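Trainee: Numbering (UniProt numbering), first residue to last: 1 to 282. Glycine is no exception: its CB is placed at the ideal position from the N, C-alpha and C atoms. Here the structure is a predicted model, which means the values were calculated and not measured. Here you go, one structure.
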Amino acid sequence: MAQLVATLGIAHAPGVTGWIDRAPKSEQDAVLAGYAEFTRRMDELKPDVVIGVANDHLLNFPMSHVPDFCVGIGDQWEGPAPWFKDWLNVPDYQVQGHREMGRALVRESAKAGINHAFAEKLLFDDNWSVPLKFLFPRYDIKFVPIHMNPIVPPTPSSARCLEVGRQIARIVREFPSQERVVLMATGGLSHDPGGVDYFTVHEDFDRWFMGLLETGDTETVARELPFEKYLEGGDGGGGELLAWLVAMGAAAEAGRPKAESVFYVPSVPMRCGMGGSYWDLS
C-alpha cells in the first residue's frame with residue numbers, strides 16, 4: 001500500500017518569486033532559508049507523489065459555482081497560467097499527474113460522505129507555481145492538485161477540512177501501490193490582496209495560528225476557527241489557511257497531529273506572513 005510520509009502547510013505568496021528584492025535583505029534571507037529547509041526535507045523523503053490542496057483564487061471557477069474541493073485527475077499539468085507569467089517570474093513548467101490516485105480520492109471520499117468535484121484540466125497560478133518551484137525544482141514527482149474554496153461563502157468549515165484530510169490519509173494508506181506520498185497544503189499566512197490590509201501583516205494572528213497547530217488538538221482547532229476567525233488574517237487571504245487544516249487532519253489520522261513550525265517571517269514588502277508548518281509521518 002502507499003505511504004503518507006509527511007504533510008505540510010506553506011505560504012504560496014507571489015512576492016517570494018515576483019518581487020522579493022523589495023524586502024530587506026534579512027527578510028529575503030530568512031524566507032529563502034525557510035523554503036530551502038523544506039526543499040532539503042523533500043530531498044530526504046524522496047516522495048513519488050505530491051497531493052496539493054490550495055485556493056483556486058477563482059481562476060477556474062466563477063463565483064457562482066465554486067466547489068468546496070475539486071480534484072485534478074489529469075495525466076499532466078503545466079503552469080503558470082498565461083496571465084500570471086510576468087508578475088510571478090516563474091519559468092514555464094510541466095509536472096506529471098496521477099490519474100489513478102486522483103480518481104481514488106474522488107471515489108473513496110464519496111463513499112465516506114464527502115463529494116468532491118473533479119477536472120482533467122486546471123489552470124495554475126501562485127497556488128502551485130511558487131511551492132513547486134522551491135520544494136520540487138526538478139518537477140520530478142507525480143502531482144494531484146486539489147483546488148478548494150476558502151473565499152466564497154459558504155466555505156467548508158474547519159471541521160470539514162480536518163475530515164477531508166483524514167479521508168485523504170486513509171485513502172492513501174489503502175491505495176494499491178508502494179508510492180511515497182506527501183500532502184502539501186499551500187496558502188496564507190495573513191494577507192489581503194487588494195483589500196484594506198494589503199500592506200499589513202497580522203503577526204499576532206499568524207503566530208497564534210501556527211502555535212495552535214503545534215498543539216495537535218484537532219478538537220480545539222475545529223472549535224476555535226470559525227470562518228470569521230480566519231478573516232483576522234485578512235479578508236482576502238486568511239481563509240486560505242483552511243488548506244493547512246487538511247494537512248493537519250491527515251497527520252491526525254496518521255497519529256501525529258502536532259505540527260512543527262519550521263519558519264515564519266512577517267514581510268510587509270512581500271505583502272504576506274511567510275511561513276511553513278510540517279508534520280513528519282515517516
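How long is the line joining the alpha carbons of residue 287 and Lys121, rounded to whole angstroms?
Mentor: Here the chain comprises residues numbered 1 to 282, so residue 287 is not present and cannot be evaluated.
Trainee: Which complete alpha helix (DSSP H) runs does the stretch 233–271 hold, if anything under 4 residues is left out?
Mentor: List check, alpha helix (DSSP H) in window: 242–253.
Trainee: For Asn127, report the span of its alpha helix (DSSP H) as first-last.
Mentor: Here residue 127 refers to the residue found at position 127 of the sequence shown. That run of the alpha helix (DSSP H) goes Asp126 to Leu135.
Trainee: Which runs of the beta strand (DSSP E), 3 residues or longer, sit entirely within the stretch 55–82?
Mentor: If we require 3 residues or more, the beta strand (DSSP E) runs fully inside the stretch 55–82 come out as 69–72 and 76–79.
Trainee: Taking DSSP as the reference, what is the three-state secondary structure of Ala117?
Mentor: One-based indexing of the sequence shown puts residue 117 at position 117. In the structure shown, Ala117 sits in a strand (DSSP, three-state: E or B).
Trainee: Exposed or buried, what is Leu242 when buried is set at 16 or more other beta-carbons lying within 10 Å of its beta-carbon?
Mentor: Counted from its first residue, the sequence shown places residue 242 at position 242. Leu242 should be labelled buried.
Trainee: Grab me the residues of Val5's own chain with a C-beta within less than 7 Å of its C-beta, minus the 5 sequence neighbours each way, in chain order.
Mentor: Residue numbering aside, residue 5 sits at position 5 when the sequence shown is read from its first letter. These residues qualify, in order along the chain: Leu45, Pro47, Arg180, Val181, Val182, Leu281 and Ser282.
Trainee: Could you give the distance in angstroms between the alpha-carbon of Phe69 and the alpha-carbon of Ile146?
Mentor: By one-based count along the sequence shown, residue 69 stands at place 69. By one-based count along the sequence shown, residue 146 stands at place 146. If I take the Cα positions, the gap works out to 6 Å.
Trainee: Buried or exposed for Leu58, please, with buried defined as at least 16 other CB atoms from any protein chain shown within 10 angstroms of its CB.
Mentor: Here residue 58 refers to the residue found at position 58 of the sequence shown. It counts as exposed.
Trainee: Taking the DSSP output, what are the residues bridged to Val49?
Mentor: Here residue 49 is taken as the residue at index 49 of the sequence shown, counted from 1. Partner(s): Lys142 and Val181.
Trainee: Pop quiz: Glu78 and Val265 are said to be a contact at Cβ under 8 Å. What is the actual Cβ separation, rounded to whole angstroms?
Mentor: Locating residue 78 in the sequence shown gives position 78, where the first residue counts as 1. Locating residue 265 in the sequence shown gives position 265, where the first residue counts as 1. At roughly 30 Å, the Cβ-Cβ gap does not stay under 8 Å, so Glu78 and Val265 are not in contact.
Trainee: Return the CA-CA distance between Trp279 and Ser64, expressed in angstroms with no decimal places.
Mentor: Locating residue 279 in the sequence shown gives position 279, where the first residue counts as 1. Locating residue 64 in the sequence shown gives position 64, where the first residue counts as 1. Roughly 35 Å between the two C-alpha positions.
Trainee: On a CA-only basis, which of Leu213, Leu123, His116 and Gly102 is nearest Leu8? Give me that one, please.
Mentor: Here the question's residue 8 lines up with position 8 in the sequence shown. It is Leu213.
Trainee: Whole angstroms is fine: what's the gap from Val53's alpha carbon to Ala247's?
Mentor: Numbered from 1 along the sequence shown, position 53 holds the residue referred to as residue 53. Numbered from 1 along the sequence shown, position 247 holds the residue referred to as residue 247. Taking the straight line joining both Cα atoms gives about 8 Å.
Trainee: Starting from the C-beta of Ala252, find all residues in its chain whose C-beta is less than 6 Å away, skip the five residues before and the five after it, and write them out in chain order.
Mentor: Position 252 of the sequence shown, counting from 1, holds the residue named residue 252. Cβ within range, chain order: Thr218.
Trainee: Taking contact to mean 3 or more Cβ pairs, one atom from each stretch, closer than 8 Å, check whether the stretch 100–116 and the stretch 155–168 are in contact.
Mentor: Yes, the stretch 100–116 is in contact with the stretch 155–168.
Trainee: Short of 7 Å in beta carbon distance, which residues of its chain neighbour Pro131, apart from the five on each side in sequence? Order them along the chain.
Mentor: Residue 131 sits at position 131 when you count from the first residue of the sequence shown. The residues are Ile10, His12, Met184 and Thr186.
Trainee: Assign Pro154 to buried or exposed, taking buried as 16 or more other Cβ atoms, counted over all protein chains shown, within 10 Å of its Cβ.
Mentor: The count along the sequence shown starts at 1 and reaches residue 154 at position 154. Pro154 is exposed by the Cβ-count criterion.
Trainee: What are the boundary residues of the alpha helix (DSSP H) that includes Val172?
Mentor: Residue mapping note: residue 172 aligns to position 172 of the sequence shown, counting from 1. First-last of the alpha helix (DSSP H) with Val172: Ser158 to Glu174.
Trainee: Following the continuous alpha helix (DSSP H) through Ala13, name the residue where it begins and the one where it ends.
Mentor: Along the sequence shown, one-based indexing puts residue 13 at 13. Element bounds for Ala13: n/a, residue is neither H nor E.
Trainee: To which residues of the same chain is Pro269 closer than 6 Å at the C-beta, ignoring the five residues directly before and after it?
Mentor: To locate residue 269, count along the sequence shown from 1; it is residue 269. Answer for Pro269: Arg22 and Ala23, listed in chain order.
Trainee: With distances taken between CB atoms, is the gap from Phe263 to Ala104 smaller than 8 Å?
Mentor: Position 263 of the sequence shown holds residue 263. Position 104 of the sequence shown holds residue 104. Cβ distance not < 8 Å, so Phe263 and Ala104 don't count as in contact.
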